Amino acid sequence: MHTGQQLYEGKAKVVFATPDPHVLVQSFKDDATAFNGQKKGSIPGKGSVNCRVSAALFRLLEANGVQTHFLRLLSDRDMLMRAVRIVPLEVVVRNRVAGSLAKRLGRPEGEAIPAGPVVELYYKDDSLGDPLVNESHVLAFGLADREALDAITALAHRVNAVLVPFFRGIGLDLVDFKLEFGRSLADGALLLADEISPDTCRLWDLATGERMDKDRFRRDLGGVEDAYQEVVGRVLAAAGSVE
Ligand code: 5GP
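Everything in the sequence shown is counted per the working numbering, starting at 1 for the first residue and increasing by one.
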């Protein structure tokens, strides 16, 4: 499948070149890490789930006016994507208190955020553990300029406005999620990049309250594979499978 040179290997994905310098292959692995690589494991089938969920959600977002790097699926764990230069920010959107926000502000997990969503920015740097930054840091250190920051914030809200009702329709509460953006190497357009999957979202079952995401792995809750399979089943049933 991968005839091109391997350009990059991350914790959950590998990127390969294609004959077109503006097009790459993103290949999803079953490897799982948490807590900045301190916890390591493997979730059988995860790469396939995350690839197919990401493809379906990128298609849905494109249909709702959000430009993404996604071009098409090559297999159940490989997607063709536009080459981008990643903006070194992780953009987290939160509809409910959970995870690091619960710890940082001493609030209970699950608490509603009535005037939300909250959008947070983290500096994407593994060696520093992706520290929280504010707009002033981003502008002062040139991580993004004002125009890009405003566009990224607006896109994060738009993505949330599309995904919350989509997930509600399949019985899942979109508690929070992480996005990454990049500049197209071909034309400089700002594109939604990386992945949107149970690895990068908190998804709580609306009927049972069960966590259907990577927190099952992070917190040793068991049933990780089943939760991932349940999510991909519901997403594809609602969004249709993606070619
Ligand atoms: P928290 O800051 O509470 O740990 O994470 C907030 C949300 O962003 C969660 O849905 C989490 O899955 C996602 N997230 C934040 N940083 C990362 C990251 O480095 N990797 C992954 N896979 N997800 C992240």
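Heads up, the beta-carbon is just placed ideally off N, CA and C, and yes, glycines get one too.
Source: prediction; values computed, not measured.
Helix, strand or coil at residue i [DSSP, three-state]
i: R168; result: helix
i: I86; result: strand
i: S197; result: coil
i: D150; result: helix
i: E9; result: strand
i: F217; result: helix
i: R234; result: helix
i: V138; result: helix
i: G41; result: strand
Heavy atom of the ligand 5GP within 8 Å of residue i beta-carbon
i: D31; result: no
i: T200; result: yes
i: S54; result: no
i: L24; result: no
i: S100; result: yes
i: E230; result: no
i: R211; result: no
i: D125; result: no
i: A154; result: no
i: A227; result: no
i: E9; result: no
i: V162; result: no
Straight-line gap, residue i to residue j (C-alpha atoms, nearest Å)
i: E230; j: F167; result: 13 Å
i: Q6; j: L24; result: 10 Å
i: A115; j: N50; result: 30 Å
i: P21; j: G188; result: 14 Å
i: G209; j: R202; result: 12 Å
i: R244; j: V14; result: Nothing in the structure corresponds to residue 244, since the chain is present only between 1 and 243.
i: L149; j: N134; result: 11 Å
i: R216; j: A63; result: 31 Å
i: V175; j: V159; result: 13 Å
i: D173; j: V164; result: 7 Å
i: N95; j: E111; result: 9 Å
i: I152; j: F28; result: 25 Å
i: A183; j: G37; result: The question names Ala, but residue 183 is Arg in the sequence shown. About 27 Å.
i: F141; j: K124; result: 13 Å
i: L185; j: F70; result: 14 Å
i: G4; j: E195; result: 21 Å
For residue i: DSSP bridge partner residues
i: M79; result: Q26, L73
i: E180; result: A193
i: R59; result: Answer by DSSP bridge pairing: none, since R59 is not bridged.
i: L132; result: Y122
i: R52; result: Paired residues: none, contrary to the question.
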